[in-house]
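**Student:** Using this note's numbering, the first residue of the sequence shown is number 1, and each one after it goes up by one. Got a structure for you, written out below as structure tokens; questions coming shortly.
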Amino acid sequence: MAPDLHRTVTPSGPEPATDATTKPPVDTAAAGDQERPAAVRVQGLSRVFDGRRVLDDLDLEIAPGEFVALLGRSGCGKSTLLRILAGLDRDISGTALVPRRKAVAFQAPRLMPWKRVWRNVLLGLDGSSADRARAERALEEVGLGDRAGAWPKTLSGGEAQRASLARALVREPDLLLLDEPFGALDALTRIKAQHLVGEVWQRHGCAVLLVTHDVEEAVLLADRVLVMDGGVIAHEVDVPLERPRGLTDPRFAALRAGLLERLGVDASAAA
Numbered sequence: 001m002a003p004d005l006h007r008t009v010t011p012s013g014p015e016p017a018t019d020a021t022t023k024p025p026v027d028t029a030a031a032g033d034q035e036r037p038a039a040v041r042v043q044g045l046s047r048v049f050d051g052r053r054v055l056d057d058l059d060l061e062i063a064p065g066e067f068v069a070l071l072g073r074s075g076c077g078k079s080t081l082l083r084i085l086a087g088l089d090r091d092i093s094g095t096a097l098v099p100r101r102k103a104v105a106f107q108a109p110r111l112m113p114w115k116r117v118w119r120n121v122l123l124g125l126d127g128s129s130a131d132r133a134r135a136e137r138a139l140e141e142v143g144l145g146d147r148a149g150a151w152p153k154t155l156s157g158g159e160a161q162r163a164s165l166a167r168a169l170v171r172e173p174d175l176l177l178l179d180e181p182f183g184a185l186d187a188l189t190r191i192k193a194q195h196l197v198g199e200v201w202q203r204h205g206c207a208v209l210l211v212t213h214d215v216e217e218a219v220l221l222a223d224r225v226l227v228m229d230g231g232v233i234a235h236e237v238d239v240p241l242e243r244p245r246g247l248t249d250p251r252f253a254a255l256r257a258g259l260l261e262r263l264g265v266d267a268s269a270a271a
């Protein structure tokens, strides 16, 4: 896995002479960091908006193939961290080491209404016949094999979100970034989408970072749950439950209650 190194920027300092877009990828081993493999390695990461420090000297590691969920109150910096890892925000201090092959799925599917579904899956790619075959395979994997030629306006909310997931999968990422991808779905569609993401992750074996407000969703899907507060990772919980996970498992309920308490929510009131 050949990671990209985001450039280091001092928020109040001058722009460096060399931008990350012109730097060659940095190999983790070449950087002298061979003690433990990591799909993501973040060190001393800070991000300031209008004088407010949203991320404050944050450290994070995600192992290859690990599923990590990130919880926290609104405005705590979850989505900011995800955007930095996606390469969408480089105005940072500190470093973020991420794989070259990464993909993002947001809460809004962001499908282009003038392109058929399969062409939306290939946004940013060549669109060759070989690529179309890849798009159709990805759509088949998420249960949309018969909707490849459809227009986005004819898709339900759940179908549009699955098309967005197919667009991420067609890039064969080593890191899949999910920014509250189920937030706009109804309860039943949300459950189906959660199960689909779990199945896709197990088949592909990529590392996943899921940003979510849903504690139950985090415990259902993740190997490890992180709680952000004050611009840092304030709490971390391993989820040692076998898959598939049952919501009625007392261990599941205990993990959920502990995380809710960390978030300042009464577990009995949230039941």
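Just so it is clear, CB atoms sit at the ideal spot from N, CA and C, and this is done for glycine as well.
1) Specify, as a first and last residue, the run of the alpha helix (DSSP H) that serine 79 falls within.
2) Could you give the DSSP three-state label for glycine 94: helix, strand or coil?
3) With three or more C-beta pairs closer than 8 Å as the rule, is the region 151–158 touching the region 98–118?
4) Give the secondary structure of lysine 102 by DSSP, where H, G and I count as helix, E and B as strand, and everything else as coil.
5) For the alpha helix (DSSP H) containing leucine 263, name the first residue and the last one.
6) Any beta carbon of chain B sitting closer than 7 Å to that of alanine 184?
7) Leaving out five residues before and five after leucine 45 in sequence, what residues of the same chain have Cβ atoms less than 8 Å from its Cβ?
8) Measuring alpha carbon to alpha carbon, tell me which residue in Ala160, Ala166 and Leu125 is nearest glutamate 140.
9) Would you check if the region 222–241 and the region 184–203 touch, i.e. whether three or more CB-CB distances between them fall below 8 Å?
10) At what residues does the alpha helix (DSSP H) containing arginine 119 begin and finish?
11) So what's histidine 195 in DSSP terms, helix, strand or just coil?
12) According to DSSP, which residues form a beta bridge with glutamate 236?
13) Tell me the DSSP bridge mates of aspartate 179?
14) Should proline 173 and cysteine 206 be called a contact, given that it needs their Cβ atoms to be closer than 7 Å?
**Tutor:** The short version:
1) 78–85
2) strand
3) yes
4) strand
5) Where leucine 263 is concerned, there is no enclosing alpha helix (DSSP H), given that its DSSP letter is neither H nor E.
6) Included in the structure is just one protein chain, with no chain B present.
7) Within the same chain, leucine 45 has close Cβ partners Leu55, Asp57, Leu58, Asp59, Leu60, Leu81, Ile84, Ile92, Ser93, Gly94, Thr95 and Ala96.
8) Ala166
9) no
10) 117–121
11) helix
12) Leu226
13) Phe106 and Val211.
14) yes
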